[in-house]
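Notes follow once the structure below has been shown.
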Amino acid sequence: MLNLHSQASRHDGVFHACVMAVREGFPHLSVQTIIDPPHEWFDAALARQVVIHMMVRVFLIPKRAVVEHQDRSREAINRALRTIDARRTTPSFERHYCKMAAAARASLYARMEDAA
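Counting the sequence shown from 1 gives a position; the numbering used here is that position plus 234.
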């Protein structure tokens, strides 16, 4: 259940929506692999960076809050933002990213309507 009056609940809702949308975009990866990529799995690390990027750039969660709730360093958050910003300059990646972002928005808004 999404509690719209709780910052932690909203953060968790956004995180869940982003992870599930990225999971659809990277169908060969499990949710757990996206959340905690194995060391040498570069595609899983990229998927996690997409999740972080969407949280900050699409859902406007402050980087400071992402650092706290995701237990990541500021540098890891900034690296994810730089990496995905650079990848989005490629038209095919941009189209794929936009599809995942749209799926995350739709998922979150559906959960918000259910909570209201």
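We put the beta carbon where it would ideally sit given N, CA and C, even for glycine.
- In chain order, A335 place their CB closer than 6 Å to the CB of V292, counting only its own chain and leaving out the 5 sequence neighbours on each side.
- Nearest to L315 by alpha-carbon distance, out of M288, S240 and H250, is M288.
- A contact is defined here as three or more CB-CB pairs under 8 Å, and the segment 325-344 meets this definition with respect to the segment 242-256.
- Spatial neighbours of I318 in its own chain (CB-CB distance under 7 Å, excluding positions within 5 residues in sequence) are listed in chain order as Q283, V284 and H287.
- A straight line joining the alpha-carbon of K297 with that of R308 spans about 8 Å.
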